[in-house]
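First up is the structure itself, then whatever we jot down about it.
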Amino acid sequence: MHGGDEVVAAPAGLPQPLDWKFSQVFGERTAGEEVQEVDIISAIEFDKTGDHLATGDRGGRVVLFERTDTKDHGVSRRDLERMDYLISRHPEFRYKTEFQSHEPEFDYLKSLEIEEKINKIRWCQTANSALFLLSTNDKTIKFWKVQEKKVKKISDMNLDPSKAVGNGSIASSSNSSSPKPCLANGSSLGGSYNYLSHDFSFPPGGLPSLHLPVVTSQETNLVARCRRVYGHAHDYHINSISNNSDGETFISADDLRINLWNLEISNQSFNIVDVKPANMEDLTEVITSAEFHPTHCNMLAYSSSKGSIRLIDLRQSALCDSHAKLFEEPEAPGSRSFFTEIIASISDIKFAKDGRYILSRDYMTLKLWDINMDSGPVATFQVHEYLRPKLCDLYENDSIFDKFECCLSGDGLRVATGSYSNLFRVFGCAPGSTEATTLEASKNPMRRQVQTPSRPSRPLSSITRVVRRGTETPGVDANGNSFDFTTKLLHLAWHPTENSIACAAANSLYMYYA
(Lines of atoms letter the chains of each structure in order from A and count residues from 1; the text may use other names and numbers.)
(Lines give C-alpha, C1' and ligand atoms only; values in the text may rest on other atoms or scores of the structure.)
Protein backbone atom coordinates (compact mmCIF):
# COMPACT_ATOMS: atom_id res chain seq x y z
CA MET A 1 0.00 0.00 0.00
CA HIS A 2 1.47 3.34 -1.03
CA GLY A 3 0.94 6.48 0.98
CA GLY A 4 2.19 5.34 4.37
CA ASP A 5 0.67 6.97 7.44
CA GLU A 6 -1.36 9.47 5.44
CA VAL A 7 -3.93 6.88 4.39
CA VAL A 8 -6.97 6.61 6.62
CA ALA A 9 -6.68 3.71 9.02
CA ALA A 10 -9.24 1.00 8.43
CA PRO A 11 -10.96 -0.69 11.37
CA ALA A 12 -8.80 -3.32 13.03
CA GLY A 13 -8.55 -6.48 10.97
CA LEU A 14 -9.79 -4.92 7.72
CA PRO A 15 -7.51 -4.31 4.73
CA GLN A 16 -6.63 -0.68 4.02
CA PRO A 17 -8.53 1.02 1.18
CA LEU A 18 -6.30 1.04 -1.87
CA ASP A 19 -4.78 4.20 -3.28
CA TRP A 20 -4.95 3.71 -7.05
CA LYS A 21 -2.42 5.30 -9.39
CA PHE A 22 -2.07 5.49 -13.15
CA SER A 23 0.53 3.12 -14.57
CA GLN A 24 0.38 2.95 -18.39
CA VAL A 25 -1.78 3.49 -21.42
CA PHE A 26 -1.54 1.80 -24.81
CA GLY A 27 -3.30 3.26 -27.83
CA GLU A 28 -4.15 6.58 -26.20
CA ARG A 29 -6.30 8.83 -28.36
CA THR A 30 -5.36 12.40 -29.08
CA ALA A 31 -8.00 15.08 -28.48
CA GLY A 32 -10.66 14.94 -31.17
CA GLU A 33 -9.31 11.75 -32.72
CA GLU A 34 -12.05 9.53 -34.11
CA VAL A 35 -12.04 5.93 -32.96
CA GLN A 36 -12.24 3.31 -35.68
CA GLU A 37 -14.82 0.61 -34.95
CA VAL A 38 -12.32 -2.19 -35.66
CA ASP A 39 -9.88 -0.84 -33.05
CA ILE A 40 -12.31 -0.99 -30.10
CA ILE A 41 -11.10 -3.52 -27.51
CA SER A 42 -13.58 -6.34 -26.89
CA ALA A 43 -11.66 -8.72 -24.58
CA ILE A 44 -8.90 -8.54 -21.93
CA GLU A 45 -7.19 -11.42 -20.14
CA PHE A 46 -4.11 -11.88 -17.90
CA ASP A 47 -2.38 -15.25 -17.93
CA LYS A 48 -2.05 -17.21 -14.67
CA THR A 49 1.37 -15.79 -13.85
CA GLY A 50 0.38 -12.21 -14.63
CA ASP A 51 3.47 -11.83 -16.83
CA HIS A 52 1.44 -11.68 -20.03
CA LEU A 53 -1.68 -9.79 -21.01
CA ALA A 54 -3.82 -10.32 -24.11
CA THR A 55 -6.43 -8.07 -25.66
CA GLY A 56 -8.79 -8.75 -28.54
CA ASP A 57 -10.58 -6.16 -30.65
CA ARG A 58 -13.55 -5.86 -32.98
CA GLY A 59 -11.24 -6.16 -35.97
CA GLY A 60 -10.41 -9.76 -35.03
CA ARG A 61 -6.88 -8.97 -33.85
CA VAL A 62 -5.21 -10.29 -30.70
CA VAL A 63 -2.48 -8.11 -29.16
CA LEU A 64 -0.07 -9.53 -26.57
CA PHE A 65 1.83 -7.57 -23.92
CA GLU A 66 4.59 -8.86 -21.65
CA ARG A 67 5.70 -7.67 -18.25
CA THR A 68 9.09 -6.02 -18.07
CA ASP A 69 9.60 -4.82 -14.48
CA THR A 70 10.23 -8.27 -12.92
CA LYS A 71 13.05 -9.33 -15.21
CA ASP A 72 15.91 -7.26 -13.88
CA HIS A 73 15.88 -7.63 -10.11
CA GLY A 74 18.89 -9.92 -10.19
CA VAL A 75 17.35 -12.21 -7.56
CA SER A 76 14.20 -14.23 -7.74
CA ARG A 77 10.89 -12.79 -6.65
CA ARG A 78 10.49 -15.52 -4.05
CA ASP A 79 13.80 -14.56 -2.44
CA LEU A 80 12.76 -10.93 -2.34
CA GLU A 81 9.51 -11.81 -0.64
CA ARG A 82 11.36 -14.01 1.86
CA MET A 83 13.58 -11.04 2.72
CA ASP A 84 10.47 -8.88 3.10
CA TYR A 85 11.90 -6.72 0.35
CA LEU A 86 9.49 -4.02 -0.76
CA ILE A 87 9.26 -3.90 -4.54
CA SER A 88 8.54 -0.24 -5.08
CA ARG A 89 8.14 -0.50 -8.84
CA HIS A 90 4.67 -1.01 -10.21
CA PRO A 91 3.84 -3.57 -12.90
CA GLU A 92 5.00 -2.42 -16.31
CA PHE A 93 4.13 -4.02 -19.61
CA ARG A 94 5.37 -3.59 -23.14
CA TYR A 95 3.94 -4.51 -26.52
CA LYS A 96 5.03 -8.03 -27.49
CA THR A 97 3.27 -8.95 -30.73
CA GLU A 98 -0.09 -9.06 -32.47
CA PHE A 99 -1.79 -11.32 -34.98
CA GLN A 100 -5.02 -11.54 -36.94
CA SER A 101 -7.05 -14.18 -35.13
CA HIS A 102 -10.36 -14.06 -36.99
CA GLU A 103 -11.58 -12.76 -40.34
CA PRO A 104 -15.13 -11.75 -41.27
CA GLU A 105 -17.10 -14.68 -42.66
CA PHE A 106 -20.46 -15.31 -44.28
CA ASP A 107 -22.81 -18.18 -43.45
CA TYR A 108 -24.38 -18.94 -46.82
CA LEU A 109 -26.93 -21.38 -45.40
CA LYS A 110 -28.36 -18.79 -43.01
CA SER A 111 -27.47 -15.71 -45.08
CA LEU A 112 -25.73 -14.37 -42.00
CA GLU A 113 -22.59 -12.27 -41.67
CA ILE A 114 -20.22 -13.51 -38.97
CA GLU A 115 -18.25 -10.70 -37.36
CA GLU A 116 -14.52 -11.01 -36.79
CA LYS A 117 -14.89 -9.44 -33.32
CA ILE A 118 -13.05 -11.31 -30.55
CA ASN A 119 -15.58 -12.19 -27.83
CA LYS A 120 -13.27 -13.94 -25.36
CA ILE A 121 -9.61 -14.84 -24.89
CA ARG A 122 -8.36 -17.53 -22.50
CA TRP A 123 -4.73 -18.43 -21.80
CA CYS A 124 -3.68 -22.09 -21.81
CA GLN A 125 -0.72 -23.77 -20.15
CA THR A 126 2.68 -22.74 -21.51
CA ALA A 127 5.13 -25.33 -22.83
CA ASN A 128 8.73 -25.01 -24.04
CA SER A 129 8.65 -21.22 -23.68
CA ALA A 130 5.74 -21.05 -26.15
CA LEU A 131 2.51 -19.26 -25.27
CA PHE A 132 -0.85 -20.89 -25.99
CA LEU A 133 -4.24 -19.22 -26.01
CA LEU A 134 -7.82 -19.69 -27.14
CA SER A 135 -9.73 -16.93 -28.89
CA THR A 136 -13.30 -16.93 -30.18
CA ASN A 137 -15.66 -14.82 -32.21
CA ASP A 138 -19.41 -15.54 -32.47
CA LYS A 139 -18.98 -18.93 -34.13
CA THR A 140 -15.40 -20.21 -34.28
CA ILE A 141 -12.84 -20.94 -31.55
CA LYS A 142 -9.13 -21.00 -32.42
CA PHE A 143 -6.13 -22.38 -30.55
CA TRP A 144 -2.98 -20.29 -31.05
CA LYS A 145 0.67 -20.95 -30.38
CA VAL A 146 2.99 -17.94 -30.09
CA GLN A 147 6.67 -18.75 -30.12
CA GLU A 148 10.01 -17.13 -30.81
CA LYS A 149 11.53 -18.42 -34.03
CA LYS A 150 15.18 -17.83 -34.95
CA VAL A 151 15.75 -16.01 -38.22
CA LYS A 152 18.28 -17.97 -40.28
CA LYS A 153 20.94 -16.13 -42.29
CA ILE A 154 23.72 -17.33 -44.61
CA SER A 155 27.18 -16.07 -43.67
CA ASP A 156 30.91 -16.80 -43.99
CA MET A 157 30.93 -16.71 -47.78
CA ASN A 158 33.94 -16.00 -50.03
CA LEU A 159 32.13 -13.03 -51.50
CA ASP A 160 30.99 -10.62 -48.85
CA PRO A 161 27.86 -8.72 -49.97
CA SER A 162 28.99 -5.77 -47.84
CA LYS A 163 32.00 -5.39 -50.15
CA ALA A 164 30.02 -4.99 -53.32
CA VAL A 165 31.51 -2.79 -55.98
CA GLY A 166 30.50 0.81 -55.64
CA ASN A 167 30.74 1.10 -51.87
CA GLY A 168 34.35 2.24 -52.09
CA SER A 169 35.77 -0.62 -50.06
CA ILE A 170 37.46 -2.30 -53.04
CA ALA A 171 39.67 -0.32 -55.40
CA SER A 172 39.33 -2.41 -58.54
CA SER A 173 36.29 -2.06 -60.76
CA SER A 174 34.34 -4.65 -62.66
CA ASN A 175 34.46 -2.34 -65.67
CA SER A 176 38.28 -2.43 -65.84
CA SER A 177 39.95 -4.15 -68.80
CA SER A 178 42.30 -6.19 -66.57
CA PRO A 179 42.66 -9.90 -67.40
CA LYS A 180 40.35 -12.44 -65.78
CA PRO A 181 41.44 -13.09 -62.19
CA CYS A 182 42.55 -16.60 -61.32
CA LEU A 183 41.96 -18.63 -58.21
CA ALA A 184 44.87 -19.81 -56.06
CA ASN A 185 44.96 -23.12 -57.92
CA GLY A 186 45.49 -21.28 -61.22
CA SER A 187 42.15 -22.03 -62.85
CA SER A 188 40.13 -19.28 -64.41
CA LEU A 189 36.59 -18.30 -63.40
CA GLY A 190 35.53 -17.97 -67.03
CA GLY A 191 31.81 -17.35 -67.52
CA SER A 192 31.09 -17.42 -63.81
CA TYR A 193 33.07 -14.28 -63.34
CA ASN A 194 31.04 -12.47 -65.98
CA TYR A 195 27.90 -13.34 -64.06
CA LEU A 196 29.30 -12.06 -60.77
CA SER A 197 31.20 -9.11 -62.14
CA HIS A 198 28.21 -6.79 -61.92
CA ASP A 199 28.08 -7.10 -58.13
CA PHE A 200 31.41 -8.18 -56.72
CA SER A 201 35.13 -7.82 -57.32
CA PHE A 202 37.72 -10.46 -56.47
CA PRO A 203 40.87 -9.42 -54.62
CA PRO A 204 44.07 -9.35 -56.69
CA GLY A 205 45.65 -12.80 -56.88
CA GLY A 206 42.35 -14.59 -56.32
CA LEU A 207 41.05 -16.27 -53.14
CA PRO A 208 43.38 -18.36 -50.97
CA SER A 209 40.69 -20.92 -50.07
CA LEU A 210 37.07 -21.75 -50.70
CA HIS A 211 34.63 -21.20 -47.80
CA LEU A 212 31.38 -23.11 -47.63
CA PRO A 213 28.45 -20.81 -46.65
CA VAL A 214 27.29 -21.27 -43.05
CA VAL A 215 23.70 -20.85 -41.85
CA THR A 216 23.56 -18.83 -38.64
CA SER A 217 20.61 -17.69 -36.54
CA GLN A 218 21.03 -14.59 -34.42
CA GLU A 219 17.78 -12.61 -34.45
CA THR A 220 14.47 -14.01 -33.21
CA ASN A 221 10.98 -13.27 -34.46
CA LEU A 222 7.69 -13.94 -32.69
CA VAL A 223 5.47 -16.14 -34.81
CA ALA A 224 1.78 -16.87 -34.11
CA ARG A 225 0.46 -20.10 -35.56
CA CYS A 226 -3.11 -21.34 -35.47
CA ARG A 227 -2.83 -24.91 -34.24
CA ARG A 228 -6.51 -25.87 -34.28
CA VAL A 229 -9.89 -24.50 -35.30
CA TYR A 230 -12.95 -25.60 -33.34
CA GLY A 231 -15.91 -24.72 -35.53
CA HIS A 232 -19.44 -25.67 -36.56
CA ALA A 233 -20.54 -26.58 -33.04
CA HIS A 234 -22.75 -23.60 -32.13
CA ASP A 235 -26.00 -22.50 -33.75
CA TYR A 236 -26.07 -19.36 -31.63
CA HIS A 237 -23.45 -16.77 -30.74
CA ILE A 238 -20.66 -17.94 -28.43
CA ASN A 239 -20.58 -15.82 -25.26
CA SER A 240 -18.00 -17.71 -23.17
CA ILE A 241 -15.04 -20.03 -23.32
CA SER A 242 -13.31 -21.40 -20.20
CA ASN A 243 -10.31 -23.68 -19.62
CA ASN A 244 -10.51 -26.63 -17.32
CA SER A 245 -7.99 -27.03 -14.52
CA ASP A 246 -7.04 -30.44 -15.97
CA GLY A 247 -5.23 -28.60 -18.80
CA GLU A 248 -6.83 -30.87 -21.41
CA THR A 249 -10.40 -29.65 -21.91
CA PHE A 250 -12.39 -26.45 -22.20
CA ILE A 251 -16.02 -25.41 -22.57
CA SER A 252 -17.72 -23.05 -24.98
CA ALA A 253 -21.18 -21.62 -24.32
CA ASP A 254 -23.79 -19.97 -26.52
CA ASP A 255 -27.32 -18.81 -25.68
CA LEU A 256 -28.76 -22.32 -25.37
CA ARG A 257 -25.93 -24.85 -25.15
CA ILE A 258 -22.61 -25.55 -23.47
CA ASN A 259 -20.12 -27.82 -25.27
CA LEU A 260 -17.12 -29.64 -23.81
CA TRP A 261 -13.99 -29.90 -25.99
CA ASN A 262 -10.63 -31.61 -25.80
CA LEU A 263 -7.84 -29.22 -26.80
CA GLU A 264 -6.31 -31.92 -29.02
CA ILE A 265 -9.54 -32.75 -30.90
CA SER A 266 -11.09 -30.05 -33.06
CA ASN A 267 -13.70 -32.03 -34.99
CA GLN A 268 -15.72 -33.33 -32.04
CA SER A 269 -17.29 -31.85 -28.92
CA PHE A 270 -19.76 -33.10 -26.32
CA ASN A 271 -22.93 -31.19 -25.52
CA ILE A 272 -23.20 -31.09 -21.72
CA VAL A 273 -25.93 -28.46 -21.22
CA ASP A 274 -28.91 -27.86 -23.51
CA VAL A 275 -31.65 -25.50 -22.39
CA LYS A 276 -33.36 -25.30 -25.78
CA PRO A 277 -37.09 -26.11 -25.37
CA ALA A 278 -38.92 -28.37 -27.83
CA ASN A 279 -40.93 -25.34 -28.89
CA MET A 280 -38.92 -22.11 -29.13
CA GLU A 281 -42.02 -20.15 -28.13
CA ASP A 282 -41.60 -21.64 -24.66
CA LEU A 283 -38.11 -20.14 -24.31
CA THR A 284 -37.92 -18.05 -21.13
CA GLU A 285 -34.20 -17.77 -20.37
CA VAL A 286 -30.84 -18.09 -22.09
CA ILE A 287 -27.30 -18.85 -20.97
CA THR A 288 -25.25 -15.64 -20.60
CA SER A 289 -21.89 -16.81 -19.22
CA ALA A 290 -20.10 -20.02 -18.18
CA GLU A 291 -16.90 -20.81 -16.33
CA PHE A 292 -15.04 -23.85 -15.02
CA HIS A 293 -14.18 -24.13 -11.33
CA PRO A 294 -10.51 -23.07 -10.89
CA THR A 295 -9.43 -26.30 -9.13
CA HIS A 296 -12.19 -28.94 -9.43
CA CYS A 297 -12.16 -30.22 -13.00
CA ASN A 298 -15.64 -31.75 -12.64
CA MET A 299 -17.44 -28.53 -11.66
CA LEU A 300 -18.58 -25.53 -13.66
CA ALA A 301 -21.07 -22.71 -13.28
CA TYR A 302 -23.24 -20.90 -15.77
CA SER A 303 -25.49 -17.86 -15.45
CA SER A 304 -28.80 -17.04 -17.08
CA SER A 305 -30.78 -14.05 -18.29
CA LYS A 306 -33.15 -14.54 -15.32
CA GLY A 307 -30.42 -13.69 -12.81
CA SER A 308 -29.72 -17.23 -11.61
CA ILE A 309 -26.45 -19.17 -11.43
CA ARG A 310 -26.35 -22.95 -11.75
CA LEU A 311 -23.49 -25.06 -10.46
CA ILE A 312 -23.19 -28.40 -12.26
CA ASP A 313 -21.14 -31.53 -11.56
CA LEU A 314 -19.90 -33.48 -14.57
CA ARG A 315 -19.76 -36.65 -12.42
CA GLN A 316 -23.55 -36.74 -12.05
CA SER A 317 -24.46 -37.41 -15.67
CA ALA A 318 -23.21 -36.92 -19.21
CA LEU A 319 -25.94 -34.36 -19.93
CA CYS A 320 -25.99 -31.84 -17.09
CA ASP A 321 -29.41 -30.29 -17.63
CA SER A 322 -30.14 -30.86 -13.95
CA HIS A 323 -27.97 -28.68 -11.75
CA ALA A 324 -26.25 -29.57 -8.50
CA LYS A 325 -26.98 -26.15 -6.98
CA LEU A 326 -29.03 -23.12 -7.94
CA PHE A 327 -28.12 -19.62 -6.76
CA GLU A 328 -30.73 -16.89 -7.12
CA GLU A 329 -31.98 -13.99 -5.07
CA PRO A 330 -35.68 -13.95 -4.26
CA GLU A 331 -37.47 -10.93 -5.68
CA ALA A 332 -38.37 -8.27 -3.13
CA PRO A 333 -42.17 -7.93 -2.85
CA GLY A 334 -43.58 -4.86 -4.55
CA SER A 335 -40.35 -4.10 -6.44
CA ARG A 336 -41.36 -5.55 -9.80
CA SER A 337 -41.39 -3.26 -12.81
CA PHE A 338 -41.16 -3.47 -16.60
CA PHE A 339 -37.35 -3.45 -16.35
CA THR A 340 -36.98 -6.01 -13.52
CA GLU A 341 -36.23 -9.00 -15.73
CA ILE A 342 -33.99 -7.04 -18.11
CA ILE A 343 -31.71 -5.67 -15.39
CA ALA A 344 -31.66 -9.01 -13.55
CA SER A 345 -29.86 -10.67 -16.48
CA ILE A 346 -26.32 -11.66 -15.47
CA SER A 347 -23.71 -10.52 -17.99
CA ASP A 348 -20.62 -12.13 -16.44
CA ILE A 349 -19.56 -14.57 -13.71
CA LYS A 350 -16.11 -15.26 -12.27
CA PHE A 351 -14.90 -17.77 -9.70
CA ALA A 352 -12.63 -16.52 -6.93
CA LYS A 353 -9.11 -17.95 -7.09
CA ASP A 354 -9.84 -20.57 -4.40
CA GLY A 355 -13.17 -21.53 -5.99
CA ARG A 356 -15.18 -20.80 -2.84
CA TYR A 357 -16.98 -17.72 -4.16
CA ILE A 358 -18.63 -16.70 -7.42
CA LEU A 359 -18.87 -13.06 -8.48
CA SER A 360 -21.72 -12.09 -10.80
CA ARG A 361 -22.55 -8.85 -12.57
CA ASP A 362 -26.05 -7.83 -13.57
CA TYR A 363 -26.97 -4.44 -15.00
CA MET A 364 -27.14 -2.53 -11.71
CA THR A 365 -25.17 -4.59 -9.19
CA LEU A 366 -22.29 -6.90 -8.39
CA LYS A 367 -23.18 -9.92 -6.25
CA LEU A 368 -20.83 -12.24 -4.37
CA TRP A 369 -22.06 -15.79 -3.80
CA ASP A 370 -20.73 -18.47 -1.46
CA ILE A 371 -21.01 -21.85 -3.24
CA ASN A 372 -21.85 -23.42 0.13
CA MET A 373 -24.84 -21.10 0.63
CA ASP A 374 -27.56 -21.02 -2.02
CA SER A 375 -30.10 -18.95 -0.09
CA GLY A 376 -28.79 -15.66 -1.50
CA PRO A 377 -25.66 -13.59 -2.13
CA VAL A 378 -23.32 -12.91 0.78
CA ALA A 379 -22.75 -9.36 -0.51
CA THR A 380 -24.36 -6.99 -3.02
CA PHE A 381 -22.62 -3.89 -4.38
CA GLN A 382 -24.54 -1.08 -6.09
CA VAL A 383 -22.54 -0.10 -9.17
CA HIS A 384 -24.50 2.89 -10.52
CA GLU A 385 -27.69 3.21 -8.51
CA TYR A 386 -28.09 6.80 -9.71
CA LEU A 387 -29.07 5.41 -13.12
CA ARG A 388 -32.23 3.72 -11.80
CA PRO A 389 -34.46 6.73 -12.58
CA LYS A 390 -32.99 6.67 -16.10
CA LEU A 391 -33.86 3.06 -16.97
CA CYS A 392 -36.47 4.22 -19.48
CA ASP A 393 -33.85 6.28 -21.38
CA LEU A 394 -31.37 3.41 -21.16
CA TYR A 395 -33.98 1.09 -22.65
CA GLU A 396 -34.73 3.51 -25.47
CA ASN A 397 -31.08 3.73 -26.55
CA ASP A 398 -30.42 0.00 -25.92
CA SER A 399 -27.79 0.75 -23.27
CA ILE A 400 -29.76 -1.39 -20.82
CA PHE A 401 -28.54 -4.44 -22.77
CA ASP A 402 -24.84 -3.58 -22.35
CA LYS A 403 -22.83 -6.49 -20.97
CA PHE A 404 -20.36 -5.40 -18.29
CA GLU A 405 -17.64 -7.76 -17.10
CA CYS A 406 -16.43 -8.20 -13.52
CA CYS A 407 -13.25 -9.41 -11.83
CA LEU A 408 -11.85 -10.35 -8.42
CA SER A 409 -8.45 -9.61 -6.92
CA GLY A 410 -6.09 -12.55 -6.48
CA ASP A 411 -6.45 -12.41 -2.70
CA GLY A 412 -10.25 -12.33 -2.95
CA LEU A 413 -10.52 -9.16 -0.86
CA ARG A 414 -11.81 -6.86 -3.62
CA VAL A 415 -14.00 -6.90 -6.69
CA ALA A 416 -14.21 -4.54 -9.66
CA THR A 417 -16.50 -3.77 -12.58
CA GLY A 418 -17.13 -1.04 -15.14
CA SER A 419 -19.79 1.60 -15.70
CA TYR A 420 -20.53 4.51 -18.04
CA SER A 421 -18.44 7.65 -18.69
CA ASN A 422 -15.40 5.31 -18.72
CA LEU A 423 -15.73 4.82 -14.97
CA PHE A 424 -15.06 1.65 -13.03
CA ARG A 425 -15.76 0.72 -9.42
CA VAL A 426 -13.62 -1.16 -6.90
CA PHE A 427 -15.32 -2.58 -3.78
CA GLY A 428 -13.87 -4.24 -0.69
CA CYS A 429 -15.64 -7.52 -0.04
CA ALA A 430 -14.07 -8.51 3.27
CA PRO A 431 -16.73 -8.67 6.02
CA GLY A 432 -17.27 -5.16 7.41
CA SER A 433 -15.37 -3.42 4.60
CA THR A 434 -16.80 -0.11 3.37
CA GLU A 435 -14.27 0.38 0.58
CA ALA A 436 -16.01 1.67 -2.57
CA THR A 437 -13.84 3.59 -5.02
CA THR A 438 -14.86 5.18 -8.30
CA LEU A 439 -12.08 5.53 -10.87
CA GLU A 440 -11.96 6.90 -14.38
CA ALA A 441 -10.09 5.28 -17.26
CA SER A 442 -7.76 8.22 -17.83
CA LYS A 443 -4.30 9.37 -16.73
CA ASN A 444 -5.92 10.90 -13.66
CA PRO A 445 -8.10 8.05 -12.38
CA MET A 446 -9.16 9.73 -9.13
CA ARG A 447 -10.53 12.95 -10.61
CA ARG A 448 -14.13 11.68 -10.48
CA GLN A 449 -13.97 11.24 -6.72
CA VAL A 450 -16.09 13.31 -4.36
CA GLN A 451 -14.26 16.56 -3.72
CA THR A 452 -12.42 15.89 -0.46
CA PRO A 453 -8.84 16.51 0.65
CA SER A 454 -6.32 14.35 -1.18
CA ARG A 455 -5.96 12.32 2.01
CA PRO A 456 -9.47 12.38 3.52
CA SER A 457 -9.65 12.54 7.26
CA ARG A 458 -12.82 10.44 7.48
CA PRO A 459 -13.49 6.82 6.51
CA LEU A 460 -14.32 5.98 2.94
CA SER A 461 -17.75 4.85 4.09
CA SER A 462 -18.90 8.45 3.72
CA ILE A 463 -17.95 8.37 0.05
CA THR A 464 -19.76 5.06 -0.29
CA ARG A 465 -22.96 6.57 1.06
CA VAL A 466 -22.77 9.47 -1.38
CA VAL A 467 -22.21 7.16 -4.33
CA ARG A 468 -24.94 4.75 -3.35
CA ARG A 469 -27.62 7.34 -2.66
CA GLY A 470 -28.12 8.28 -6.31
CA THR A 471 -29.45 11.56 -7.64
CA GLU A 472 -32.46 12.93 -9.45
CA THR A 473 -30.52 15.49 -11.47
CA PRO A 474 -30.83 14.52 -15.15
CA GLY A 475 -27.57 13.48 -16.76
CA VAL A 476 -25.55 13.87 -13.56
CA ASP A 477 -24.11 11.13 -11.38
CA ALA A 478 -23.76 11.08 -7.60
CA ASN A 479 -20.53 13.08 -7.71
CA GLY A 480 -22.04 15.85 -9.80
CA ASN A 481 -20.43 14.73 -13.05
CA SER A 482 -22.42 14.35 -16.24
CA PHE A 483 -22.56 10.77 -17.47
CA ASP A 484 -22.14 9.66 -21.03
CA PHE A 485 -23.83 6.45 -22.20
CA THR A 486 -21.64 6.26 -25.32
CA THR A 487 -18.40 5.84 -23.36
CA LYS A 488 -18.69 2.64 -21.37
CA LEU A 489 -16.08 0.51 -19.69
CA LEU A 490 -17.22 -3.05 -20.42
CA HIS A 491 -13.95 -4.99 -20.19
CA LEU A 492 -11.43 -5.16 -17.36
CA ALA A 493 -9.13 -7.70 -15.71
CA TRP A 494 -7.37 -7.91 -12.33
CA HIS A 495 -3.76 -9.09 -12.16
CA PRO A 496 -3.73 -12.59 -10.57
CA THR A 497 -1.20 -11.82 -7.83
CA GLU A 498 -0.98 -8.02 -7.44
CA ASN A 499 -3.29 -5.06 -7.09
CA SER A 500 -3.16 -4.02 -10.71
CA ILE A 501 -6.11 -3.56 -13.07
CA ALA A 502 -6.16 -3.40 -16.87
CA CYS A 503 -9.27 -1.89 -18.45
CA ALA A 504 -10.43 -0.93 -21.92
CA ALA A 505 -11.84 2.47 -22.86
CA ALA A 506 -12.76 2.19 -26.55
CA ASN A 507 -9.43 1.49 -28.34
CA SER A 508 -7.21 2.43 -25.36
CA LEU A 509 -5.84 0.02 -22.76
CA TYR A 510 -5.35 1.67 -19.36
CA MET A 511 -3.43 0.10 -16.47
CA TYR A 512 -3.54 1.07 -12.79
CA TYR A 513 -1.80 -0.14 -9.66
CA ALA A 514 -2.17 0.30 -5.91
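With the UniProt record's numbering, the residue at position 375 of the sequence shown is 375, and numbering never jumps.
All residues carry an ideal CB built from backbone N, CA and C; glycine is no exception.
Computed from a predicted structure; not experimentally measured.
Runs of the alpha helix (DSSP H) lying entirely within the segment 368-432 and spanning at least 4 residues, in chain order: 391-396.
Here I346 is near S308, since their CB atoms are less than 9 Å apart. According to DSSP, residue pairing for G56 in a beta bridge involves A43 and V62. For I501, the enclosing beta strand (DSSP E) stretches over residues S500 to A505. Here M446 carries a helix assignment [DSSP, helix/strand/coil]. The segment 54-66 makes contact with the segment 37-44, as at least three CB pairs between them are under 8 Å. Taken through DSSP and simplified to helix, strand or coil, T216 comes out as strand.
F339 is positioned such that its CB atom lies no closer than 9 Å to that of I358. E396 is classed as exposed because its beta carbon has fewer than 16 other beta carbons within 10 Å across all chains shown. M373 is classed as exposed because its beta carbon has fewer than 16 other beta carbons within 10 Å across all chains shown.
The alpha-carbon of A318 is positioned some 36 Å away from that of A332.
A check of alpha carbon separations from D107 across I371, G231, Y363 and I342 identifies G231 as the nearest. Boundaries of the alpha helix (DSSP H) around I342: T340 to A344. Per DSSP, the continuous beta strand (DSSP E) segment holding D313 begins and ends at I309 to D313. In the displayed model, V223 falls within a strand according to three-state DSSP. Ranked by Cα distance from E341, the options N271, F401 and G355 are led by F401. Closest by C-alpha distance to E285, out of H293, E291, F292 and K276, is K276. With contacts defined as CB atoms closer than 9 Å, W123 and F65 fail to qualify as a contacting pair. The beta-bridge partner set that DSSP reports for Y302 consists of A290 and R310.
Here the segment 405-414 makes contact with the segment 422-431; the two share three or more CB pairs at distances below 8 Å. For M364 and I343, the gap between their C-alpha atoms comes out near 7 Å. Relative to S305, the option among T288, D321, Q100 and H90 whose CA is nearest is T288. Take the alpha-carbon of Y512 and the one of E98: they are about 22 Å apart. Taken through DSSP and simplified to helix, strand or coil, M364 comes out as coil.
Counting along the chain, the unbroken beta strand (DSSP E) around R257 starts and ends at R257 to N262. Close CB contacts of T68 within its chain, under the 6 Å cut and outside five residues either way in sequence, are with E92 and R94 (chain order).
In this structure, the alpha-carbon of P204 lies about 21 Å from that of L212.
Between the C-alpha atoms of L112 and A233 there is a straight-line separation of about 16 Å. For K96, the enclosing beta strand (DSSP E) has its first and last residue at F93 to Q100.
By the 16-neighbour rule on beta-carbons within 10 angstroms, D362 is buried. Note: Y236 is not bridge-paired with any residue in the DSSP secondary-structure output. Boundaries of the beta strand (DSSP E) harbouring T136: L131 to T136, taken from the DSSP string. The shortest CA-to-CA distance from V223 to any of A436, T49 and V63 is the one to V63. I501 and L109 have their C-alpha atoms spaced approximately 42 Å apart.
Rounded to whole angstroms, the gap between the alpha carbons of G334 and D282 is 26 Å. It is roughly 9 Å from the alpha-carbon of F132 to the alpha-carbon of Q147.
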